[in-house]
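All remarks here apply to the structure that follows.
Residue numbers (my numbering), protein chains in the order written: chain P, 1 to 315; chain S, 316 to 630.
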């Protein structure tokens, strides 16, 4: 094994399952870990003690490495980080915030730290803060996203040129060919969100998963750019936001339409019209609910097949 | 040579120079053709007799294959197609319109026809109309763009799965690694715009080229979505559009700000603040003005190097 990402995390395949609100609890993270990828518990939708329970259950369910993703704008951040250290979590992915604040604290506890970025500026900041790797997440990714709207195709080579630490590509990775493409762009590994959001072990509501499977090309849209940009699946709620945005609604008006707990309502409780449904553009290629381990193995098999095909091309 | 695109066009490298308004006249198209790629004359910014002159000069400047790109919404479309047939142009790329209207007419004249699409729906239409190949152009591409905002990373595999004719990837192709990535996603060739827009032989104004070279990440934006979406480089004009859009300006108001001949003003006449500057996201990676032939050779050399690197990866 000569890959920087498999070595960094001590995993078999350089495939990371994204930490996703309302989708990635201990069931999904441990399923991916047991299959040889890096599973991530998404702390963004968990109260601190709920996170502790998920970490404990994940440790019981797998002997392999797993990580916790922490959005740095989380209100209980101090408590969350305390729990992560107490529970002996070995790998932390931070996102949505300044990597300078927590990286050195976590590193001093022997924790491997990866920061999620949407531009080279923050990739450089993460490297300077001592991060072990960065996730370069493109415009096509689901959920919260960068203001520059730089796509995976453009972002990955730019981040690759900017930093010396390993780069993980995210956004639009839904096939083995896309994993190979990410590596051709300079990534050492990939982070896969949407495909695992609709896996059997995802804790998302079945109605959300089925809505995603029905999504066609163009059915997601980067929304709420005047607040924090987020890629949403079109539904009544997203249409209301789009209409307000087209009419020039300000941040306050958008916040009022958004209200509270929309993501939980949509993704966890299954209100697929009034809830906030976060998913990537690649959802248009997802056709069935499968076990996470099978998704991982299929991706890897496809990757190897594509690698052979490309290697065999004659010019 | 076992590549569908090199065989289709009778060229050496599966690299196509995009037909770009105000950039790609006979000088650029013939330079690319002479270097072994497919050069394209962009008819979108030419009066019919100007196009005829460019075709004639291109024929004098190269014995290799070249093409003409025709936006199907062009007002003088009948006259343009007449000139293309009269001048014996062998390859036509059509864009911005319904492929069903002109494909069979051109094909009956023995012309190879390629249609540019931003979604699978139009890729299927193009194939049904008899097109020989499609260009799948992602959200990150410069100039006019699709409403679905699907990125190259997501669009290419979807189009690849949908059609049987060869697929050319466009949007974000600025390095040999990106060419390899496009092929990993299922493309048979690539179309490169931005890199050739700032080549020595591009007919764009030097001030436009230099402005592009200074562009940083996030300096382009998909604008005018209420008219026809177009990716623009930020300047005073683009900022005025962005401000109006944020305030909810309707199509009529935007048309008034746009006025007439903005692209010519910016890209050809060099008014880099009040003109419309069309360029892709990958412009942030462009650092110098080089001859088109050198750009092409460098891309291909990088592609071969990356191909070797990927083939040598051990898992």
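Heads up, the beta-carbon is just placed ideally off N, CA and C, and yes, glycines get one too.
Subject >> Straight-line gap, residue 429 of chain S to residue 596 of chain S (C-alpha atoms, nearest Å) >> reply: Approximately 24 Å between the Cα atoms of the pair.
Subject >> Segment contact, 8 Å Cβ cut-off, at least three pairs: the stretch 258-278 of chain P with the stretch 227-240 of chain P >> reply: Here the stretch 258-278 of chain P lies against the stretch 227-240 of chain P, with 3 or more beta-carbon pairs under 8 Å apart.
**OP:** Going by CA-CA distance only, name the one from S:541, S:484, S:433 that's closest to residue 464 of chain S.
**Re:** Among S:541, S:484, S:433, the Cα nearest to that of residue 464 of chain S is on S:433.
Subject >> Three CB pairs or more closer than 8 Å across the stretch 323-333 of chain S and the stretch 293-311 of chain P >> reply: Under the three-pair Cβ rule at 8 Å, the stretch 323-333 of chain S does not count as touching the stretch 293-311 of chain P.
Subject >> Endpoints, beta strand (DSSP E) assigned at residue 354 of chain S >> reply: Start and end: 354-357.
Original post:
Whose C-alpha, out of S:615, S:426, S:491, S:598, is nearest the C-alpha of residue 409 of chain S?
Top reply: Closest by alpha carbon: S:426.
Original post:
What are the start and end residues of the alpha helix (DSSP H) that includes residue 363 of chain S?
Top reply: Taken as a continuous stretch (DSSP letters only), the alpha helix (DSSP H) holding residue 363 of chain S covers 363-376.
Subject >> Same chain only: Cβ atoms within 8 Å of residue 559 of chain S, ignoring 5 sequence neighbours per side >> reply: Here the set comprises 568, 569, 572.
Subject >> Those runs of the alpha helix (DSSP H) which lie wholly inside the stretch 455-543 of chain S and span at least 4 residues >> reply: With a minimum length of 4 residues, the continuous alpha helix (DSSP H) runs that stay inside the stretch 455-543 of chain S are 467-477, 491-499, 509-512, 521-529.
**OP:** On the DSSP bridge assignment, give the partners of residue 593 of chain S in chain order.
**Re:** Note: residue 593 of chain S sits in a beta bridge opposite S:547.
Subject >> Contact with chain P by residue 529 of chain S, beta-carbon distance below 9 Å >> reply: Taking 9 Å as the CB threshold, residue 529 of chain S stays off the interface with chain P.
Original post:
Bridge partners of residue 66 of chain P, per DSSP?
Top reply: Note: residue 66 of chain P sits in a beta bridge opposite P:39.
**OP:** Report yes if the CB atom of residue 25 of chain P is closer than 9 Å to the CB atom of residue 54 of chain P, and no otherwise.
**Re:** The answer is yes: Cβ separation under 9 Å.
Original post:
If the cut is a Cβ gap below 8 Å, which residues of chain S does residue 318 of chain P touch?
Top reply: Absent from the model: residue 318 of chain P. The displayed extent of chain P is 1 to 315, so no value can be given.
**OP:** Would you list the one or two residues that DSSP bridges to residue 71 of chain P?
**Re:** Answer is P:95.
Original post:
Can you name the residues of chain S whose CB is closer than 9 Å to the CB of residue 310 of chain P?
Top reply: Listed along chain S, the residues sitting closer than 9 Å to residue 310 of chain P by beta-carbon distance are 495, 498, 499, 622, 625, 626.
Original post:
Nearest-angstrom Cα distance between residue 581 of chain S and residue 546 of chain S?
Top reply: The straight-line gap from Cα to Cα measures roughly 14 Å.
Subject >> Coarse secondary structure for residue 322 of chain S, derived from DSSP in three states >> reply: In this structure, residue 322 of chain S counts as helix in the three-state DSSP scheme.
**OP:** Could you tell me which of S:411, S:462, S:403, S:491 sits nearest to residue 219 of chain P, measuring between CA atoms?
**Re:** Looking at S:411, S:462, S:403, S:491, the one whose alpha-carbon comes closest to that of residue 219 of chain P is S:462.
**OP:** Name the two residues that bound the continuous alpha helix (DSSP H) containing residue 451 of chain S.
**Re:** Note, residue 451 of chain S: premise wrong, no alpha helix (DSSP H); beta strand (DSSP E) at 448-452.
Subject >> Below-9 Å beta-carbon distance, residue 470 of chain S vs any chain P residue >> reply: For residue 470 of chain S, the answer is yes, since a Cβ of chain P falls inside 9 Å of its Cβ.
**OP:** Look up residue 16 of chain P in the DSSP assignment and give the residues it is bridged to.
**Re:** According to DSSP, which records beta bridges pairwise, residue 16 of chain P is partnered with P:38, P:191.
Subject >> For residue 21 of chain P, three-class secondary structure by DSSP >> reply: DSSP places residue 21 of chain P in the coil class of the three-state scheme, outside both helix and strand.
Original post:
Going by other Cβ atoms of all chains shown within 10 Å of its Cβ, with 16 needed for buried, is residue 321 of chain P buried or exposed?
Top reply: The shown model of chain P, from 1 to 315, leaves out residue 321 of chain P, and the question about it has no answer.
Original post:
Is the shortest distance between the beta-carbon of residue 319 of chain P and the beta-carbons of chain S less than 9 Å?
Top reply: This structure does not reach residue 319 of chain P, given that chain P is present from 1 up to 315, and the question cannot be answered.
Original post:
CB-CB under 6 Å to residue 73 of chain P, same chain, minus the five flanking residues each way: which ones, in chain order?
Top reply: Annotation for residue 73 of chain P: 96, 97 place their beta carbon closer than 6 Å to its own, counting only its chain and skipping 5 residues before and after.
**OP:** Go ahead and pull the three-state DSSP assignment for residue 89 of chain P.
**Re:** Three-state DSSP puts residue 89 of chain P in coil, outside helix and strand.
Original post:
Going by beta carbon distance, what residues of the same chain come within less than 6 Å of residue 348 of chain S, once the five residues before and after it are set aside?
Top reply: Only 354, 377, 379, 381 meet the Cβ criterion.
Original post:
Hey, does residue 489 of chain S have any beta-carbon neighbour from chain P nearer than 9 Å?
Top reply: Interface residue (Cβ-Cβ distance to chain P less than 9 Å): residue 489 of chain S is classified as such.
**OP:** Check distances from the C-beta atoms of the stretch 586-598 of chain S to those of chain C and list, in chain order, the residues that come in under 7 Å.
**Re:** Chain labels in this structure do not include chain C; the protein chains are P and S.
Original post:
Of all the alpha helix (DSSP H) runs that stay within the bounds of the stretch 551-623 of chain S, which reach a length of 4 or more residues?
Top reply: Counting only runs that start and end inside the stretch 551-623 of chain S, the alpha helix (DSSP H) elements of at least 4 residues fall at 551-561, 566-573.
Original post:
So, is residue 86 of chain P buried or exposed, given that buried needs 16 or more other C-beta atoms within 10 angstroms?
Top reply: Exposed.
**OP:** Could you name the residues of chain P that residue 467 of chain S contacts, counting a contact when the two beta carbons are closer than 8 Å?
**Re:** By Cβ distance, chain P contributes 151, 153.
Original post:
Who are the Cβ neighbours of residue 79 of chain P in its own chain at under 6 Å, not counting the five residues just before and after it?
Top reply: The answer, listed in chain order, is 48.
Original post:
Taking Cβ to Cβ, would you say residue 457 of chain S is nearer than 9 Å to residue 509 of chain S?
Top reply: For residue 457 of chain S and residue 509 of chain S, yes; Cβs fall inside 9 Å.
Subject >> Alpha-carbon spacing of residue 496 of chain S relative to residue 210 of chain P, whole angstroms >> reply: A straight-line Cα-Cα distance of about 30 Å links residue 496 of chain S and residue 210 of chain P.
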